[in-house]
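Enquirer: In case it helps, mature numbering (1 follows the signal peptide of the UniProt record, and there is no 0) puts the sequence shown at residues -26 to -1, 1 to 318.
Glycine included, every Cβ here is placed at the ideal spot set by N, Cα and C.
For reference, the structure I am asking about is given below.
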Amino acid sequence: MSKTKTLLASTAFGALALLGVATAQAAPDHAAQMIRSTSKAVCVNPHPDHAKLSALVVGFSQSQGNENPFRAEETKSLKDAAASFHARRYIYTNAHSNEAKQVADVESMINQGAQALVIAPLNATGLQPAFAQAAAKHIPIITIDRHTAGTNCTDYLSFMGSNFYKQGEISGEQLARATHGHAVIAEIQGAYGNSVETARTNGFAAVIKKHPGMKIVAAQTGNWSTTDAQKVMSEILLAHPNVNAVYTQSDTMAYGAITALRDAGKKPRQVKIVTIDGTKQGVQDIADGWIYADDETNPRFGPIALHEIQNWLDGKPVPQHIVIKDHLYTKANAKAALNSGVPY
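Encoded structure:
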């Protein structure tokens, strides 16, 4: 790959055209990639060499284990996209929630000859050494799912993900609707130190402040873990047995909260739960009455991420921020969604 320099431009990128190309690139049949919006700010390669991904080694750095349904679908999406684009070779690593390992993983992929990278960052900081090594070899990087420290067009080209603040707002709105604006709320937050937890916390809080009859009586981290969330929910119920509403920032934590509620003798629909992810189990829990609403976090980044890397190689503008379109699952559409196979 020829030496490249970075250049900022203000040309808007055609979201509909991008969507048309991305969905054509063998996105999963049950849920094609969708884009809600793209930034006007872009990165443009001023010295494109027009190399094709079919001639390159592509690497993907996953941050957490695939026992999480979101991570499993995300991993599958990248693998399928690499096959669809006929990448010469595909390298995959998994940091298993270890920041130092993720840095080492990226550096290892570069040493193995990776010429283009997609990274799902674990935390909001920590990847700078890996970014520096990639920049030294002019390797384009797309980051997905979680924001991390760095500069667009220098450390990485683009960030792709959901609107996490909006997800928190939607959860608050749905809980207000479920409780008619009168709720004693337990909030189970994600792991502290990453942008997703912060945005989902702040978005939810902004909505709850508008409803004087709704009060958050406990807010603790569940570390994105089913086991941790079950323990936290059990402790909250001991201290606040009058809790009638729960906000969990991921489906994995919702599963734990539901188990704790069952253990406490609660019945479906007795405590209103809103959550975020849109997994198959989460949507099934809506149909079964345990969850009131579940806002999807779309994990199917693969086709768009590789399409944008190809655009960079060809000298086309790459949006610095791409917001993925998500579904909102409720009782009104849960059964139909399950029957159609859309949830992951």
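Just the Cα atoms here: how many angstroms apart are glutamine 148 and alanine 267?
Expert: Near 7 Å, if we compare the C-alpha coordinates of alanine 267 and glutamine 148.
Enquirer: Does aspartate 119 pass the burial test, meaning 16 or more other C-beta atoms within 10 Å, or should it be called exposed?
Expert: Buried, since its Cβ has 16 or more Cβ neighbours within 10 Å.
Enquirer: When burial is assigned at 16 or more other CB atoms within 10 Å of the CB, is alanine 308 buried or exposed?
Expert: Answer is buried; the Cβ neighbour count reaches 16.
Enquirer: Using a Cβ-Cβ cut-off of 7 Å (strictly less than) and excluding sequence neighbours within five positions of histidine 121, which residues of its own chain qualify?
Expert: If we look at histidine 121 and ignore the five residues flanking it on each side, its Cβ neighbours are Ala98, Phe133, Ser169.
Enquirer: I'd like the ranges of any alpha helix (DSSP H) spanning at least 4 consecutive residues and lying wholly in the segment 7 to 76.
Expert: Counting whole runs of 4 or more residues, the segment 7 to 76 contains the alpha helix (DSSP H) stretches 43 to 58.
Enquirer: For leucine 287 versus alanine 25, is the C-beta spacing smaller than 7 Å?
Expert: Yes, the Cβ-Cβ distance between leucine 287 and alanine 25 is below 7 Å.
Enquirer: List the residues that DSSP assigns as beta-bridge partners of threonine 122.
Expert: The partner list for threonine 122 (beta bridge, DSSP) is empty, contrary to what the question assumes.
Enquirer: Give the straight-line distance between the Cα atoms of lysine 205 and leucine 131, rounded to the nearest whole angstrom.
Expert: The alpha-carbon atoms of lysine 205 and leucine 131 are separated by roughly 40 Å.
Enquirer: Would DSSP call leucine 101 helix, strand or coil?
Expert: Coil at leucine 101, not helix or strand.
Enquirer: Contact check, glycine 263 vs arginine 243 under 8 Å by CB: the rounded distance?
Expert: Right, the Cβ-Cβ distance comes to about 5 Å (below 8 Å), so this counts as a contact.
Enquirer: DSSP three-state call for valine 245: helix, strand or coil?
Expert: It is coil, neither helix nor strand.
Enquirer: From alanine 61 to aspartate 129, what does the alpha carbon distance come to, in whole angstroms?
Expert: Rounded to the nearest angstrom, the two C-alpha atoms are 23 Å apart.
Enquirer: Hey, how far is the Cα of leucine 91 from the Cα of alanine 109?
Expert: Distance between the alpha carbons of leucine 91 and alanine 109: 11 Å.
Enquirer: Measuring only the C-alpha atoms, how far is alanine 165 from valine 292?
Expert: Their backbone Cα atoms lie some 30 Å apart in a straight line.
Enquirer: Using alpha carbons as the reference points, say which of Pro215, Asn216, Ser199, Lys241 lies closest to alanine 228.
Expert: The option with the nearest alpha carbon to alanine 228 is Ser199.
Enquirer: Assuming contact is defined by CB atoms lying nearer than 7 Å, are aspartate 251 and threonine 222 in contact in what I supplied?
Expert: No, these two residues do not count as a Cβ contact at 7 Å.
Enquirer: Would you decide whether glutamate 41 is buried or exposed? Buried here means 16 or more other CB atoms lie within 10 Å of its CB.
Expert: Glutamate 41 comes out exposed.
Enquirer: With tyrosine 303 as the anchor, note down where its beta strand (DSSP E) starts and where it stops.
Expert: Tyrosine 303 -> beta strand (DSSP E) spans 302 to 304.
Enquirer: Which of the three DSSP states is assigned to isoleucine 113 in this structure?
Expert: Three-state result, isoleucine 113: coil.
Enquirer: Straight-line CA distance for glutamine 194 to glutamine 141?
Expert: The straight-line gap from Cα to Cα measures roughly 18 Å.
Enquirer: Taking just the CA atoms, how far does glycine 187 sit from glycine 155?
Expert: Distance between the alpha carbons of glycine 155 and glycine 187: 6 Å.
Enquirer: Put histidine 156 into one of helix, strand or coil per three-state DSSP.
Expert: In the structure shown, histidine 156 sits in coil (DSSP, three-state: anything other than H, G, I, E or B).
Enquirer: Can you tell me which of the three DSSP states glutamine 284 falls into?
Expert: Helix, per DSSP.
Enquirer: Could you check how far apart the C-beta atoms of proline 273 and serine 71 are, in whole angstroms? I think they sit under 8 Å.
Expert: Not a contact, Cβ separation roughly 17 Å.
Enquirer: For the alpha helix (DSSP H) that lysine 205 lies in, which residues bound it at each end?
Expert: Segment 200 to 213, the alpha helix (DSSP H) holding lysine 205.
Enquirer: Start and end of the beta strand (DSSP E) containing leucine 91?
Expert: 90 to 93 is the extent of the beta strand (DSSP E) around leucine 91.
Enquirer: Counting C-beta neighbours from all protein chains within 10 Å, is the total for proline 43 16 or more, i.e. buried, or is it exposed?
Expert: When all chains shown are included, proline 43 counts as buried.
Enquirer: What's the gap between the Cα of histidine 301 and the Cα of isoleucine 84?
Expert: Looking at the two C-alpha atoms, the distance is approximately 36 Å.
Enquirer: As a quick exercise: from Gln76, Ala88, Glu81, pick the residue whose alpha carbon is nearest that of alanine 94.
Expert: Selected option, being the one with the closest Cα: Gln76.
Enquirer: Excluding the 5 residues preceding and the 5 following phenylalanine 34 in the sequence, name in chain order all residues of the same chain whose CB lies nearer than 7 Å to its CB.
Expert: The answer, listed in chain order, is Leu52, Tyr66, Val92.
Enquirer: Please check the pair tyrosine 303 and isoleucine 260, which I expect to be a contact at CB under 8 Å, by giving their CB distance rounded to whole angstroms.
Expert: Contact holds; Cβ gap of about 6 Å.
Enquirer: Just the C-alpha distance for serine 13 and glutamate 282, rounded to the nearest angstrom, thanks.
Expert: Those two C-alpha atoms are separated by around 13 Å.
Enquirer: Contact defined as beta carbons within less than 8 Å: I believe glutamine 102 pairs with alanine 123. What is the distance between those atoms, to the nearest angstrom?
Expert: 7 Å between Cβ atoms; contact.
Enquirer: Is alanine 180 closer than 7 Å to serine 208 when the C-beta atoms are compared?
Expert: No. Outside cutoff.
Enquirer: Taking the beta strand (DSSP E) that valine 297 belongs to, which residues open and close that run?
Expert: Its beta strand (DSSP E) spans residues 295 to 298.
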